[in-house]
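The block underneath contains the structure these notes are about, expressed in structure tokens.
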Amino acid sequence: MPALPALLLSIHLLVLLLLLLLTMTPSILSQTPALPALRMAAILDDQSACGRGERLALALARENINSVMEGPSRARVEVDIFELQRDSQYETTDTMCQILPKGVVSVIGPASSPASGSTVSHICGEKEIPHIKIGPEETPRLPYLRFASVTLYPSNEDLSLAIGAILHSFGYPTASLICAKAECLLRLEDLVRHFLISRETLSVRMLDESLDPTPLLKEIRDDKVATIIIDANASLSILILKKAAELGMTSAFYKYILTTMDPREESRRQDAPGRDFPLLRLDEVVGDQTNIVGFSMLNTTHPFYLEFIRSLNLSWKEGCDLSPYPGPALSSALMFDAVHVVVGAVRELNRSQEIGVKPLSCTSSLIWQHGTSLMNYLRMDSSDIIYLLALVTSRINYCKALLSVSPSPHHFSTPFGSMSLHTSSPPPLWVEYDGLTGHVEFNSKGQRTNYTLRILEKFKGGHKEVTHKLTLSPCPPLSLFNFLSPLSL
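Using UniProt numbering, the letters of the sequence shown map in sequence onto residues 1 to 489.
Listed below in structure tokens is the structure:
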């Protein structure tokens, strides 16, 4: 076995390297370098009269973090807020050129401006500043020169999986997909692809420029298709359901699955806030036998959830004539969680290297030298080479800790969530957070993973949660229709 001596030699060399590292000064693990001011920027695009509560959510996250994080190594968190008047690449570029000189560790948002969001991701990639996205994926997905974004919003693949799981619970029925825009086929590409290679039938119907769903609904009724998927914003979804009620298509025979979870075009209206599925008012449509289901990410069991709603409710009553308060918008909860995720990642990274921030410029080629390291903390995945390198470093530090070196803690709690690195021994490697939208963790692509979508069913006056939840996790590997037992709707 000629390869055996070489293997033994490699092992001996590795042991010698470890011994050399173990003789290094142990104080590097026991001391946490002082963290400079932790400043981030948030871009808001909410032009509705009463607002989605994003500004207040940012303030709640900032002030409460600052109230519990004290000490010489704990810098105050500051969030600079910038507002967009329109979904414009030009306006967004100008906004980013105002943000860069402030020396920020991250940019959050916007929630419902896809063109602006793409511009922010592109500039952040050039400057190696993490971009925390809280809106849906762009369709089509645009390539960036450098990958520097993570998204708290469900990926298009996960949305397809979630719809597929509900169809599975219905017994793989013949279904019809109503699309408000052509991008629908890109958003739900995985779902459509499944039907192309299976025996189940999915018909796709596209709304025309008049946005009148009546002809499409009549075709579906004549074809005796009972399961209808609606991929549209909140206003169009409500319109389609109202027309369906007029045509007698809200009986127990029909089942509707709504994909809307984001404000999108609602945020541009002056008379309405962004409406996620839990906030849709469908009393004119819903009857005793109506089956309308959708998704929610809000974690109603979170210890800060009731206080979060109370604060948003008070703000709504003070500044809005519309009543009653419809409930928290998803984008506000995502903003809240985004601040916590960034703070946790920066502070954990600061344990191993002293992070400095510096003003940047749109006219300079300078980048933020710690941005890549921060992104690695945020979106580390076990399939990455980066993960393997971090694993070696982690195990070396763990060996040093065994020699009575006092390690820094890898976990802290706030009144509104627990923040930690992925719990393991030896010390953990990537950032996790349990927040208002559930478990927050990212894979190597920057997509959210290991989180739960709640399935809600509408009834007159509100909604109820279906018993089963969809936990979207890469382990074991996901595939359509293979991980949910039948639901009773």
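Virtual Cβ for every residue (Gly too), placed ideally from N, Cα, C.
Close Cβ partners of V285 (< 7 Å) along its chain, the five nearest in sequence each way excluded: L241, K242, A245 and T250
Pick out the complete beta strand (DSSP E) segments inside the segment 195-266, 3 residues or longer, and give them in chain order. 202-206, 227-231 and 255-258
Selected residue, minimal CA-CA separation from M206, among K224, T227, K181 and L44: K181
Sorted by chain position, which residues of the same chain lie with C-beta nearer than 6 Å to T95's C-beta, five sequence neighbours on each side aside? F82
Where Q447 falls, given that 16 or more other Cβ within 10 Å makes a residue buried: buried
Okay, do the segment 322-340 and the segment 52-59 touch, 3+ Cβ pairs below 8 Å being the bar? yes
Taking the alpha carbon of H168 as the reference point, which residue from L191, G135 and F442 has its own alpha carbon closest? L191
Using the rule of at least 16 other Cβ atoms within 10 Å of the residue's Cβ for burial, across every protein chain shown, is G438 buried or exposed? buried
Those residues which DSSP pairs with K464 across a bridge: E457
Buried or exposed (CB count within 10 angstroms, at least 16 for buried), D434: buried
For R39, three-class secondary structure by DSSP: strand
For the 8 Å Cβ check, are there 3 or more pairs between the segment 102-111 and the segment 39-49? yes
Rounded C-alpha distance that separates S361 from L378: 24 Å
With a cut-off of 8 Å on the beta carbons, I'd call R62 and V346 a contact; round off their distance for me. Not confirmed; about 14 Å, so no contact.
State the CB to CB distance for the pair L152 and V440, rounded to an integer number of angstroms; the pair is presumed to be in contact (CB under 8 Å). 7 Å
Can you tell me whether DSSP reads L177 as helix, strand or coil? strand
Candidates E209, E138, I166 and T174: closest to C184 by CA position: E138
Outcome for G371 when other beta-carbon atoms lying within 10 angstroms are tallied against a minimum of 16: buried
Candidates G287, Y172 and D46: which alpha carbon is nearest D87's? D46
Tell me, to the nearest whole angstrom, how far the beta carbon of L202 is from that of D337; I am working on the premise that it is less than 8 Å. Actually they are not in contact, since the Cβ atoms of L202 and D337 sit about 34 Å apart, beyond 8 Å.
Could you tell me which residues DSSP puts in a beta bridge with S169? DSSP lists no partner for S169.
Can you name, in chain order, every residue of its own chain whose Cβ lies under 7 Å from the Cβ of F459, other than the five neighbours on each side? V286
Nearest residue (CA-CA) to A234, options E209, L58, L282 and P359: L282
In or out: S210 buried (at least 16 other Cβ within 10 Å) or exposed? exposed
I need the DSSP call for R395, collapsed to helix, strand or coil. At R395, the pLDDT of 44 sits below 50, so the modelled position is not reliable; the number obtained from the coordinates is stated separately. Looking at R395 - three-state DSSP - the assignment turns out to be helix.
Considering only residues of the same chain and omitting the five flanking positions on each side of T93, which have a CB-CB separation below 8 Å? T119, I123 and C362
Which of the three DSSP states, helix, strand or coil, is assigned to L366? coil
Would you list the residues sitting across from V150 in a DSSP beta bridge? I132
How is M297 classed by DSSP in three states: helix, strand or coil? coil
Determine the extent of the beta strand (DSSP E) in which I81 is found, giving its start and end residues. V77 to E83
Rounding to the nearest angstrom, what Cα-Cα distance links P173 and N64 in this structure? 48 Å
Could you tell me how far apart the beta carbons of I367 and K127 are, in whole angstroms, since I believe they sit closer than 8 Å? 5 Å
Secondary structure at H340, three-state DSSP: helix, strand or coil? helix
Can you tell me whether DSSP reads H302 as helix, strand or coil? coil
Separation of M335 from I134, as counted between CA atoms: 7 Å
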